[in-house]
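> Everything in the sequence shown is counted per the numbering used here, starting at 120 for the first residue and increasing by one.
A virtual CB, placed ideally from N, CA and C, is assigned to each residue, including glycine.
The structure follows.
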Amino acid sequence: MSERLISSEVEIAADPGVAFEAFTAELDLWWVRGPINFHDSARAIEMRCEPGVGGRLLEVYDEAAGDVLELARITAWEPGTRLAWQSSLDDVETEIRFDPSAGGTTVSVVARIPADGLDRGGTAWVRVVPPWFGDWCVRRDSADRRPDEIARLAVGVYYERPVAAARWLADVLGFRYLGELPEEKDSSADEPDDPPWMEFRIGHGSLMLFKLEGERHGAPSHVPWIYVDDVGAHFDHARANGATIVEELHDKWGLPLYVTDDLEGNRWTIAQARPTMR
């Protein structure tokens, strides 16, 4: 077996020096917290990149006790140009390049798996850097400088066609998907028709989509409430894109809201957010 390469890239509206600093020093700010985004999600409190060759990429559990998981060792540290590390958990080598572009910087990620080498998750950076770091760089000038921790309440919704549902929720209701929306596979294909994990982030809340096994019984008994910045514009967009409106936009208890069913009949209440909501 020969060496395998996996790559991705993202355009950042900042110069290479700023992009490098944001990537390394602000790792804990752009790393998305979620149920499956750490090796030990129940204990992780920080993601850290130690500067310089020989520095470590760490998943921190207890700073005072020195309880950390070493993810990788830095092998190249060239501010504004290049960063590289060797995974401590498998055989994957990762290189990040910061190349000037017309819009700022092209951040390229290349993961190398040596011949007969193992990938136990080291290539994940190829998948997460474009959506997570790209999103952070769009928001960083005005974003809170505290890690964007998820709320204690998360919602899982089950669909016969979760990929189609994810695209509907993104396109019609404007929910923010964590990553690149998957494409629905041909039902006749041999490969699985659904990815293993699909997650939206709504404020600090995590909305997860799962495959419905078996038949759906009865009318929906749980109705999630989603708060949006401009419920009037949101209502107009949803209706224009074919949403099944159950209750028109109206005031209830002084709160503007509307109710809609999605493509599989799950019900959602969309309400106006207060200016202070995060």
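From residue 369 to residue 379, what distance separates their C-alpha atoms?
13 Å
> Who are the near neighbours of residue 253 in its chain, counting only those whose CB is closer than 6 Å to its CB and skipping five residues on each side?
129
> Span of the beta strand (DSSP E) holding residue 275?
274 to 278
> Identify whether residue 148 lies in helix, strand or coil by the three-state DSSP scheme.
helix
> DSSP three-state label for residue 335, please.
Three-state result, residue 335: coil.
> Whose C-beta lies closer than 8 Å to the C-beta of residue 343 among residues of the same chain, with five residues either side of it excluded?
274, 276, 326, 387, 388
> When you compare each of 354, 363, 249 to residue 391 by their alpha carbons, which one comes out closest?
Ranking 354, 363, 249 by Cα distance to residue 391 puts 354 first.
> Going by the CB atoms, is the gap between residue 236 and residue 132 shorter than 7 Å?
no
> Going straight from the alpha carbon of residue 262 to that of residue 269, what length do you get?
Their Cα atoms are separated by approximately 16 Å.
> On the CB-based measure, 16 or more other CB atoms within 10 Å of its CB, does residue 398 come out buried or exposed?
This structure leaves residue 398 out entirely; the chain is present only between 120 and 397.
> Within a Cβ cutoff of 6 Å, which residues of the same chain sit near residue 127, ignoring the five residues on either side of it in sequence?
228, 245, 249
> Just how far apart, CA to CA, sit residue 240 and residue 195?
21 Å
> Go ahead and pull the three-state DSSP assignment for residue 300.
coil
> Taking only runs that begin and end inside the stretch 158 to 188, name each unbroken beta strand (DSSP E) of 3 or more residues, in chain order.
165 to 168, 175 to 181
> Going by alpha carbons, who is nearest to residue 376 out of 365, 193, 207, 243?
Nearest option by C-alpha distance: 365.
> Could you tell me whether the stretch 314 to 323 touches the stretch 290 to 298, where touching means 3 or more Cβ pairs closer than 8 Å?
yes
> Report the option in 167, 374, 356 whose CA atom is closest to the CA atom of residue 188.
Closest by alpha carbon: 167.
> Assuming contact is defined by CB atoms lying nearer than 7 Å, are residue 283 and residue 302 in contact in what I supplied?
no
> State the beta-bridge partners of residue 328 as determined by DSSP.
276, 317
> Please go through the same chain and pick out, in chain order, the residues whose beta-carbon is closer than 8 Å to the beta-carbon of residue 198, but skip the five residues on each side of it.
136, 139, 140
> For residue 251 versus residue 372, is the C-beta distance shorter than 7 Å?
no
> If you draw a straight line from the alpha carbon of residue 393 to that of residue 172, how long is it in whole angstroms?
46 Å
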